[in-house]
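Have a look at the structure below, then the notes.
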Amino acid sequence: MAAPSGRPVPAAGGAEPGARPGARIRAQPGARGPARAAPQGPRAPGSPRRPRPAAIAASRRHRPRPPPAKMAWRALRRVGPVLAPRCPRLPLPPRGLAARRLGTSSLLQSARKFTDKHEWVSVENGIGTVGISDFAQEALGDVVYCSLPEVGTKLSKHDEFGALESVKAASELYSPLSGEVTEINAALADNPGLVNKSCYQDGWLIKMTVANPAELDELMTEDAYEKYIKSIED
Amino acid sequence: MALQSLKNCLWLSCVLRTPKACFWSTASGGLIIQSVSNDVYQNLAVEDWIHDHMDLEKQHVLFLWRNSPAVVIGRHQNPWQECNLRLLRQKNIKLARRRSGGGTVYHDLGNINLTFFTTRKKYERMENLKLIVKALKALRPQLDVHVTDRYDILLDRQYKISGTAAKLGRTSAYHHCTLLCNADKFVLSSVLKSPYKGLKSNATPSVPALVKNLFEEDPSLTSEILLDAIAKEYAVQHQIDHHITLINPADETLLPGIGNKTKELQTWEWVYGKTPKFSISTCVNMTYKDSVVDVKVNMDLKHGRIEVCNIDLPEQWLPPGLYSELVKGLTGSKFCPNEATTLVTTLLRVCPQDDELHSRWNLLCENMIRLM
């Protein structure tokens, strides 16, 4: 997802929030919306600089460069409102603290992560939404039935949690994380084709708690997943 | 002959138990196995076992099997919607639910089943079906058989002789199909016709088709001849020996854990309990003493059990207490004639000895059980 300004900042685990995935994943409506208009503070790249009073400009020239951690946090805070408007404002860590803190915040909210079985999960406020990737829905063909677990089912990572039946085959679904099922997508009962039409939005499969946040770090980022599917296609 | 088959069994035992280790020492490409059992549950269990345990990276497998009379429904189907369960019970025909998708089929010894195991990457149904057509044409060049884009095989452009289903797993996949050689078409058409009315379900439906046996086209064709021809073609295409290894699905040493897989496939929870939720809304017309009593029945069923039960009886037709016990007893119980019969028999015991009441009760319960 594109940040409104600034360069993408690598977070813990190598995720690049600003990086755009390759052309293979077909854009789903709403999956990567247009970048929001930049708020007053940071300016959009390429736009003319706002004229500053001379005194302030002079003092900025002489201000020492903040430490890297502080810079990273500032950049992340600028990116934050675009990714998750409801995400609470994170306090600045003391100087010297590095990427470890960014890992803790992933339980509250994380960019989409992928498994090698072509499921995706994205976490918001401690709840993971799970679906299948565009690559998977294309490979499956038209989905005619979704078999999903009961709410309350406890899953371990890699557990089979259901199946999708398509014109091609019955295909099992494997849980990307450990946790408990909190919600299933009821719309799929009458409209299983949503999985094909909108695999990242309306075609989500289940929501679940995240019992073990560290498992998220074991999953692939969007970029890594792109590379992965390129490699298996060859 | 005995020595040869013993050698094959040992070789197979080696391949199946430690496929990776033995692969390098055996011929690569493919393996053709045939089940010695005609039990549908055992044979489906073999499929599961191969799918879960075998490394198919370098070696694909063709599994040949036949079953004694059975109806096999797809993973997400509704048996009440797909077949005549009453008739199945009467004729002692087994009901099985397979793990692959697709529609309902009737098996007997005149039908052969073929399962093509590959890695998920090499999953290719059209290739497999073309292989079968090639084998048939090599055997009888005059046969008009071709593969449709629905993955059926048609005879004479109109009769379905083969249907296909498939399963994609973590790393492996299988595609299986039927082939009608000399099956009992009359039993087939009567068991695959559901008498149950008023069912509403989003389960995957079957697509009915006109069928014909290859035997009807050419009486010299038998299941054995057809099996052999297909195995031969598979061997040619995979560049392996045209050799069929027999396996016994009850052999726990050869296939560890197969017993549990077979058991699971026979449980009520799997066969009926995996039915997607559905509802029944129907009117039962009971003839009682020269008058007809219309009973509206509405039920919601989940996991094969009655979740919600509404029986609309004329007022006072049954004592209210007894009526509410019936509804209470049915709610939560399996949608199953055996379980319902036990329930109604138990309830009847606490009824007063009143002939009129008993005959009304029996009439209602018989009609309710007929819905199952």
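Chains as they are written, first to last, in our numbering: chain D, 1 to 234; chain V, 235 to 606. Built from N, CA and C at the ideal position, the CB exists for glycine as well. Source: prediction; values computed, not measured.
Within this structure, are the beta carbons of residue i and residue j separated by less than 9 Å?
i: D:L173; j: D:L188; result: no
i: D:T115; j: D:P213; result: no
i: V:S440; j: V:Q311; result: yes
i: V:L547; j: V:L581; result: no
i: V:L265; j: V:S406; result: no
i: V:Y506; j: V:C599; result: no
i: V:G308; j: V:A417; result: no
i: V:L319; j: V:M606; result: yes
i: V:D390; j: V:K446; result: yes
Starting from the beta carbon of residue i, find every residue of chain D whose beta carbon is closer than 8 Å, and list them in chain order.
i: V:R404; result: K117, E172 and Y174
Can you give me the Cβ contacts of residue i inside the same chain, cut-off strictly under 7 Å, excluding the 5 residues immediately before and after it?
i: D:S231; result: none
i: V:L402; result: R354 and Y357
i: D:C199; result: Q28, G131, I132, S133, D134 and Q137
i: V:L322; result: V305, L329 and V425
i: D:A55; result: Note that D:A55 scores a pLDDT of 46, beneath 50, so its modelled location is shaky; the value from the coordinates is reported in the next line. Within the same chain, D:A55 has no close Cβ partners at all.
i: D:G14; result: Since pLDDT at D:G14 reaches only 35, below the 50 mark, its modelled position is unreliable, and the value read off the structure follows with that caveat. Excluding positions up to five away in sequence, the list reads T221.
i: V:D528; result: C517 and N519
i: V:H476; result: A465, K466 and A469
i: D:L140; result: L164, S166, K168 and S171
i: V:Q471; result: L365
Throw me the rounded Cβ distance for the residue i and residue j pair, which I believe falls under 8 Å.
i: V:D386; j: V:S396; result: 6 Å
i: V:C314; j: V:S428; result: It should be noted that the sequence gives Trp, not Cys, for residue 314 of chain V. Confirmed, about 7 Å.
i: D:E180; j: D:K154; result: 5 Å
i: V:C415; j: V:L460; result: 6 Å
i: V:I327; j: V:A304; result: 6 Å
i: V:I545; j: V:V531; result: 6 Å
i: D:V144; j: D:E165; result: 6 Å
i: V:V381; j: V:M360; result: 7 Å
i: V:L365; j: V:A463; result: V:L365 to V:A463, Cβ: 11 Å. No contact.
i: D:T182; j: D:K207; result: 5 Å
i: V:S513; j: V:M533; result: 7 Å
i: V:D282; j: V:K495; result: 5 Å
i: D:A163; j: D:S147; result: 5 Å
i: V:N347; j: V:H409; result: Not confirmed; about 11 Å, so no contact.
i: V:L278; j: V:L499; result: 5 Å
i: D:G152; j: D:V210; result: At roughly 16 Å, the Cβ-Cβ gap does not stay under 8 Å, so D:G152 and D:V210 are not in contact.
i: V:T576; j: V:I603; result: That pair is no contact at about 11 Å.
Is residue i close to the ligand GTP? I mean its beta-carbon at under 8 Å from any heavy atom of the ligand.
i: D:E180; result: Because no ligand of any kind appears in the structure shown, any question about the ligand GTP cannot be addressed here.
Can you list, in chain order, the residues of its chain with a C-beta nearer than 6 Å to that of residue i? Leave out the 5 residues immediately preceding and following it.
i: V:F297; result: I267 and T349
i: V:G336; result: G308 and A399
i: V:V270; result: L480 and N482
i: V:A465; result: I266 and I478
i: V:T487; result: none
i: D:D202; result: L194
So which residues on chain V does residue i lean against when the C-beta distance must stay under 9 Å?
i: D:D190; result: N436
i: D:E226; result: The premise fails here: D:E226 is roughly 18 Å from chain V at the closest Cβ pair, so nothing lies under 9 Å.
i: D:A187; result: Within 9 Å Cβ-Cβ: nothing; D:A187 doesn't reach chain V, min ~12 Å.
Can you pull the chain V neighbours of residue i, defined as C-beta to C-beta under 8 Å?
i: D:Y145; result: H310, G335, N436, A437, T438 and P510
i: D:E180; result: What D:E180 touches in chain V: nothing, since even the nearest Cβ is about 19 Å away.
i: D:E165; result: G308, R309, H310, G335 and T438
Let me check one thing: in DSSP terms, what residues is residue i bridge-paired to?
i: D:K207; result: D:T129 and D:E183
i: D:E245; result: Coverage of chain D is limited to positions 1 through 234, which leaves residue 245 of chain D absent and any answer about it impossible.
i: D:Q109; result: D:E124
i: V:H294; result: V:G264
i: V:N572; result: For V:N572, which the question treats as bridged, DSSP gives no partner whatsoever.
i: V:D534; result: V:S513 and V:V542
i: D:K154; result: D:E180
What does residue i reach in chain D if we use C-beta pairs closer than 9 Å?
i: V:K356; result: Under the 9 Å cutoff, chain D gives no residues; its nearest Cβ is about 12 Å from V:K356.
Name the chain A residues whose beta carbon is nearer than 7 Å to that of residue i?
i: V:K401; result: Absent from the structure is chain A; the protein chains it does hold are D and V.
To which residues of the same chain is residue i closer than 8 Å at the C-beta, ignoring the five residues directly before and after it?
i: V:Q392; result: L444
i: V:T565; result: I540, E541, V542 and C543
i: V:L597; result: M520 and Y522
i: V:E573; result: S567
i: V:R594; result: Y522, W551 and L552
i: D:S59; result: Residue placement at D:S59 is poorly supported in this model, since its pLDDT is 47, which falls under 50; the coordinates are not used for a value here.
i: V:K371; result: L377 and V379
i: V:L433; result: N312, W314, Q315, F512, S513 and I514
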